[in-house]
Amino acid sequence: AQKVTQAQTEISVVEKEDVTLDCVYETRDTTYYLFWYKQPPSGELVFLIRRNSFDEQNEISGRYSWNFQKSTSSFNFTITASQVVDSAVYFCAPKTGANSKLTFGKGITLSVRP
Amino acid sequence: DSGVTQTPKHLITATGQRVTLRCSPRSGDLSVYWYQQSLDQGLQFLIQYYNGEERAKGNILERFSAQQFPDLHSELNLSSLELGDSALYFCASSPTGAPYNEQFFGPGTRLTVL
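Just so you know, the protein sequences line up as chains A and B, in that order.
With my numbering applied, the first sequence corresponds to residues -19 to 94, in that order.
With my numbering applied, the second sequence corresponds to residues 199 to 312, in that order.
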């Protein structure tokens, strides 16, 4: 069985601070894909970034970056120089093996204050 | 704008009624997914279709059914509605339905059952 945990529930930062969102994904599968989605107050779900289990390096995409720590099964997602528009709920959602369904964590509410 | 469209945006109905939610995937995407977001259950996968065929089923109630038509649009039918069915229903699409595909979400249909 697999388990996705977003232990943080709410984070509040001041604009321009860096913020890291944590996700722990426990699985016995060796092939999996982990996605981050953002849900702003308007309600839509926006795809942000994907990490594959077989990726060798952590990834940076604009102000977003990944950091994977295999020993703790942690996939940390960092927003650099946060902006007020980053205020949203952030979901970590893995897919394992041949399974195409996303399994969403409970989400982390990020508030960025001016 | 993800390219996935959903109608209607809002739906208010009474217990015991039946409603149909409609989704058009992004151009070229063959796979459609339905998810339900509620306060108590979070974001849950309901069902996946690929090129007209049911591919995977999640926590979908027997009162709910879906189909994908030859033009690839999909409909989610909810019948004998209960108060607890009030939720935000999302449709997502992906190119092939493979696990590594990102899923792009529509704006959602907010269903309120009174």
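Cβ coordinates follow ideal geometry from the N, Cα and C atoms, glycine included.
As the structure is a prediction and not an experimental result, all values here were calculated from the model.
For residue i, the residue or residues it bridges with in DSSP
i, result
"A68(A)", "L90(A)"
"F121(A)", "Within the shown structure, residues of chain A are numbered from -19 to 94, placing residue 121(A) beyond reach of any answer."
"E273(B)", "R220(B) and Q265(B)"
"A296(B)", "Beta-bridge pairing links A296(B) to no other residue."
"L286(B)", "Q235(B) and R308(B)"
"S291(B)", "V230(B) and F302(B)"
Distance, residue j Cα to residue i Cα
i, j, result
"Y12(A)", "N257(B)", "21 Å"
"N32(A)", "W46(A)", "11 Å"
"K255(B)", "C289(B)", "14 Å"
"V311(B)", "I210(B)", "6 Å"
"V(-7)(A)", "S91(A)", "6 Å"
"F15(A)", "S225(B)", "22 Å"
"S67(A)", "F34(A)", "31 Å"
"Q234(B)", "F84(A)", "11 Å"
"Q37(A)", "A264(B)", "40 Å"
"Y231(B)", "N79(A)", "12 Å"
Endpoints, beta strand (DSSP E) assigned at residue i
i, result
"K81(A)", "Premise fails: K81(A) is in no beta strand (DSSP E) and is neither H nor E."
"C3(A)", "Here C3(A) belongs to no beta strand (DSSP E), and DSSP marks it neither H nor E."
"I(-17)(A)", "Looking at the sequence provided, one finds Lys at residue -17(A) rather than Ile. Where K(-17)(A) is concerned, the enclosing beta strand (DSSP E) stretches over K(-17) to T(-15)."
"I(-9)(A)", "E(-10) to V(-6)"
"T211(B)", "H208 to T211"
"R43(A)", "Neither: R43(A) is in no beta strand (DSSP E) and is coded neither H nor E."
"I258(B)", "Here I258(B) belongs to no beta strand (DSSP E), and DSSP marks it neither H nor E."
"N56(A)", "S54 to I59"
"Q37(A)", "Looking at the DSSP string, Q37(A) is not in any beta strand (DSSP E), and its letter there is neither H nor E."
"S229(B)", "S229 to S236"
"L244(B)", "G240 to Y248"
Residues near residue i by beta carbon distance below 6 Å, same chain, minus five either side
i, result
"R308(B)", "H208 and L286"
"K86(A)", "Q(-14)"
"F57(A)", "L1 and W16"
"K(-17)(A)", "E6"
Proximal residues to residue i (C-beta, below 7 Å), its chain only, five neighbours per side dropped
i, result
"D342(B)", "Because chain B here runs from 199 to 312, residue 342(B) falls outside it and cannot be looked at."
"Y298(B)", "none"
"L25(A)", "Y17 and Q19"
"S236(B)", "A285"
"Y248(B)", "L228, S229 and G295"
"Q215(B)", "L279"
CB of residue i within 8 Å of CB of residue j, strictly
i, j, result
"L82(A)", "F243(B)", "yes"
"V202(B)", "F302(B)", "yes"
"Y17(A)", "F71(A)", "yes"
"Q204(B)", "G304(B)", "yes"
"I88(A)", "I29(A)", "no"
"P315(B)", "G250(B)", "Since the first residue shown for chain B is 199 and the last is 312, residue 315(B) is missing from the structure and cannot be characterised."
"D(-2)(A)", "I40(A)", "no"
"T7(A)", "T76(A)", "yes"
"V65(A)", "P94(A)", "no"
"K(-4)(A)", "A73(A)", "no"
Cβ-based neighbour list, residue i, same chain, cut-off 8 Å, excluding 5 preceding and 5 following
i, result
"P293(B)", "G226, D227, L228, S229 and N299"
"T10(A)", "S33"
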